[in-house]
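Residue numbers (my numbering), protein chains in the order written: chain U, 3 to 388; chain D, 310 to 397. C-beta: ideal position from N, C-alpha, C; glycine also. Note that this is a predicted model, so its numbers are computed, not measured. This report refers to the structure that appears directly beneath it.
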Amino acid sequence: MKSTGSSSPDTTRPGMPFWLLAELTYRCPLQCPYCSNPLDFAAQGKELTTEDWFRVLREARAMGAAQLGFSGGEPLVRQDLPELISEARRLGFYTNLITSGIGLTEAKIADFRERGLDHIQISFQASDEDMNNLIAGSPKAFAQKLAMARMVKAQGYPMVLNFVTHRHNIDRIDRIIDLCLALEADYVELATCQFYGWAHLNRLGLLPTREQLERAERITNDYRERLAREDHPCQLIFVTPDYYEECPKPCMSGWGSIFLTVTPDGTALPCHGARQLPIAFPNVREHSLSHIWYNSPGFNHFRGDGWMPEPCRSCDEKAKDFGGCRCQAFMLTGDAAATDPVCAKSTHHDLILAARAEAETATRRIDELTFRNAPNSRLIARVTPT
Amino acid sequence: MSRERIPRWRPGYRFQWEPAQEAFVLLYPEGMVRLNDGAGMVGELIDGQRSIAQIITTLSDEFPDEDIGGDVDDFMQVAHEKHWLQFA
Chain U
3 MKSTGSSSPD TTRPGMPFWL LAELTYRCPL QCPYCSNPLD FAAQGKELTT EDWFRVLREA
63 RAMGAAQLGF SGGEPLVRQD LPELISEARR LGFYTNLITS GIGLTEAKIA DFRERGLDHI
123 QISFQASDED MNNLIAGSPK AFAQKLAMAR MVKAQGYPMV LNFVTHRHNI DRIDRIIDLC
183 LALEADYVEL ATCQFYGWAH LNRLGLLPTR EQLERAERIT NDYRERLARE DHPCQLIFVT
243 PDYYEECPKP CMSGWGSIFL TVTPDGTALP CHGARQLPIA FPNVREHSLS HIWYNSPGFN
303 HFRGDGWMPE PCRSCDEKAK DFGGCRCQAF MLTGDAAATD PVCAKSTHHD LILAARAEAE
363 TATRRIDELT FRNAPNSRLI ARVTPT
Chain D
310 MSRERIPRWR PGYRFQWEPA QEAFVLLYPE GMVRLNDGAG MVGELIDGQR SIAQIITTLS
370 DEFPDEDIGG DVDDFMQVAH EKHWLQFA
């Protein structure tokens with residue numbers, strides 16, 4: 003999340019949910035092995051109706067939400083996406099479509115524009131066709147993405163290109179950036195894989211080595227300098243994976259602080275990874291968003307700092323990083339309230355160090371990863387007791 | 310920067326009033342800047358038609374006791390550097 007312009011957090015009452023992430027569906031034609039969707043996505047409940055989404059949009063907007071992301075899965079799979087775009091724009095949202103580009107057509111891009119869609123973000127898996135299609139699990143994905151990126155620009159949208167980088171594609175970061183510049187991206191997100199959902203399952207085959215990461219960052223910085231010299235409007239955003247940090251990230255700018263996700267079946271979450279936590283989260287079918295945001299136990303669970311254990315509790319960074327990421331703490335330690343193991347002060351930091359060491363000698367190939375698809379999801383849901 | 314230039318928002322950037330924040334904001338892909346009152350007043354006059362000079366004149370009529378010119382120049386400078394604006 004970039005700047006929100008919000009400054010001093012109000013300690014008595016939570017702030018507004020500036021960001022609404024509408025995960026319209028978990029259905030997706032691609033199978034990226036680092037997908038952040040839950041592993042058991044195939045076992046989730048029925049998708050919300052168009053009317054449900056209209057109500058969610060209305061309520062979120064009334065509460066101050068300004069940014070809206072249509073996401074998934076692949077949001078283009080939802081037949082009512084055009085109507086949702088119209089309604090969101092009518093309400094005054096800045097509307098972002100976060101898509102793989104698969105299923106997009108010139109006619110749809112034009113229709114969405116007329117309906118007021120503000121921005122289209124297209125994700126790529128790599129800078130070259132073979133690698134892209136191998137990771138996406140789709141033989142035609144790359145050509146389609148290129149064509150759609152060109153169309154998005156031609157029709158006057160701003161464009162963000164998102165590349166998830168990992169040990170198999172990060173060494174080609176120069177070619178990735180060159181491709182983005184050739185496509186005239188306004189923003190490029192070079193997001194080193196974070197380890198949630200399917201990415202966590204496949205970590206051994208995805209986490210780059212420190213050397214790979216440092217090289218990629220150096221090359222990105224060289225490009226940044228060049229772009230600045232040319233007063234070029236394209237902005238490169240480089241996301242370092244948590245596994246190479248010593249301080250945890252201020253995850254979601256704090257729990258229940260500015261970010262609200264609604265999942266395909268209506269479960270409301272403080273972040274898109276939180277579903278796996280052993281916490282009961284409310285559903286928009288049963289409660290108003292206002293109740294969910296301000297009063298539900300789920301959203302209040304990790305607000306403030308009363309929940310923090312040591313070393314967070316007495317740490318002078320606690321108002322800066324909020325103890326890090328709750329999902330990461332849970333995945334790595336089994337305790338959602340633990341200090342994020344990314345923190346060098348965590349008693350579990352050795353888990354992070356071990357993962358880094360593992361990356362030095364890992365040999366897992368792309369075709370050995372577990373791809374994100376419904377059969378694999380059902381299999382995982384069966385063998386993982388919940 | 311010449312005051313004859315005509316500013317317009319960069320494509321994909323939207324300037325609007327946010328009732329919940331009681332402020333003007335500039336929205337762009339996945340981000341938002343909350344503008345202070347002064348910047349909000351300048352922003353309201355950016356329409357791709359008015360020149361910087363015309364914006365200054367309009368605001369000076371409204372606030373005759375203040376030195377508007379310098380503030381508007383500063384805003385244009387910053388907004389251009391951040392690529393919020395383009396000049397026709």
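Any idea if residue i is buried or exposed, counting beta-carbon neighbours within 10 angstroms, 16 or more meaning buried?
i	result
ASP342 (chain U)	buried
PRO373 (chain D)	exposed
HIS234 (chain U)	exposed
THR194 (chain U)	buried
ASP188 (chain U)	buried
GLY103 (chain U)	buried
GLU49 (chain U)	buried
ARG157 (chain U)	The question names Arg, but residue 157 (chain U) in the sequence shown is Gln. It is exposed - the Cβ of GLN157 (chain U) has fewer than 16 other Cβ atoms within 10 Å.
PRO387 (chain U)	With a pLDDT of only 49 at PRO387 (chain U), under 50, the local geometry of the prediction cannot be trusted, and the value read off the model is given with reservation. Burial call: exposed.
TRP200 (chain U)	buried
GLU360 (chain U)	exposed
ALA109 (chain U)	exposed
GLY256 (chain U)	buried
LEU208 (chain U)	buried
THR107 (chain U)	exposed
GLN358 (chain D)	exposed
SER311 (chain D)	exposed
TRP55 (chain U)	buried
LEU355 (chain U)	exposed
GLY352 (chain D)	buried
GLY275 (chain U)	buried
Reducing DSSP to helix, strand and coil, say where residue i ends up.
i	result
THR366 (chain D)	helix
TYR98 (chain U)	The sequence as given places Asn at residue 98 (chain U); Tyr does not occur at that position. Three-state result, ASN98 (chain U): strand.
LEU355 (chain U)	helix
GLN395 (chain D)	strand
TYR225 (chain U)	helix
VAL286 (chain U)	coil
LEU335 (chain D)	strand
PRO11 (chain U)	Residue placement at PRO11 (chain U) is poorly supported in this model, since its pLDDT is 44, which falls under 50; the coordinates still yield a value, given next. PRO11 (chain U): coil per DSSP, three-state reduction.
GLY199 (chain U)	helix
MET254 (chain U)	helix
THR194 (chain U)	strand
PRO16 (chain U)	coil
TYR322 (chain D)	coil
GLU216 (chain U)	helix
SER298 (chain U)	coil
GLU312 (chain U)	coil
THR388 (chain U)	Because the pLDDT of THR388 (chain U) is 44, which lies under 50, any placement of that residue in the model is unreliable, and the number read from its coordinates should be weighed accordingly. Correct three-state label for THR388 (chain U): coil.
PRO210 (chain U)	coil
ARG263 (chain D)	Not covered by the structure: residue 263 (chain D). The range shown for chain D is 310 to 397.
PRO280 (chain U)	coil
PHE324 (chain U)	coil
GLN81 (chain U)	coil
HIS293 (chain U)	helix
THR6 (chain U)	Caution is warranted here: a pLDDT of 41 is assigned to THR6 (chain U), below 50, making its placement in the model unreliable, and no coordinate value can be reported.
HIS389 (chain D)	helix
GLU89 (chain U)	helix
THR107 (chain U)	coil
Measure how close the beta-carbons of residue i and residue j come, nearest whole angstrom, since I'm counting them as under 8 Å.
i	j	result
LEU99 (chain U)	LEU119 (chain U)	6 Å
TRP393 (chain D)	LEU335 (chain D)	6 Å
TYR159 (chain U)	ILE122 (chain U)	5 Å
ASP323 (chain U)	CYS273 (chain U)	So it is not a contact: roughly 15 Å between Cβ atoms.
PRO444 (chain U)	ALA67 (chain U)	What is shown of chain U runs 3 to 388, which leaves residue 444 (chain U) out entirely.
ILE111 (chain U)	MET153 (chain U)	5 Å
GLN395 (chain D)	ARG319 (chain D)	5 Å
GLN214 (chain U)	ASP173 (chain U)	6 Å
What does DSSP give as the partner residues of residue i in its beta bridges?
i	result
GLN69 (chain U)	U:TRP21 and U:TYR96
ASN171 (chain U)	Answer is none; ASN171 (chain U) lacks a bridge partner.
TYR189 (chain U)	U:VAL162 and U:GLN237
MET341 (chain D)	D:LEU336
ILE124 (chain U)	U:THR101 and U:LEU163
LEU119 (chain U)	Note: LEU119 (chain U) sits in no beta bridge, so no partner.
ALA270 (chain U)	U:VAL264
GLU327 (chain D)	D:ALA332
Members of the region 106-125 of chain U near chain D, C-beta cut-off 8 Å: ASP120, HIS121 and GLN123
Residues within the region 217-243 of chain U neighbouring chain D, beta-carbon criterion of under 7 Å: PRO235
Interface positions of the region 77-111 of chain U facing chain D (Cβ-Cβ less than 8 Å), listed along the chain: GLY94, TYR96 and ASN98
Chain D contacts made by the region 168-192 of chain U, where a contact means CB separation under 8 Å: ASP188 and TYR189
Residues within the region 282-309 of chain U neighbouring chain D, beta-carbon criterion of under 9 Å: none
Contact residues within the region 338-357 of chain D, judged by C-beta distance below 9 Å to chain U: PRO338, GLU339, GLY340, MET341, VAL342, ARG343 and LEU344
Contacting positions in the region 256-279 of chain U - beta carbon closer than 7 Å to chain D: none
Residues of the region 314-329 of chain D with Cβ closer than 7 Å to any Cβ of chain U, in chain order: PRO320, GLY321, ARG323, GLN325, GLU327 and ALA329
Chain D contacts made by the region 60-77 of chain U, where a contact means CB separation under 9 Å: ARG63, ALA64, MET65, GLY66, ALA67, ALA68, GLN69 and GLY71
Short-range partners of chain D found in the region 154-166 of chain U, where Cβ spacing is below 9 Å: GLY158, TYR159, PRO160, MET161 and VAL162
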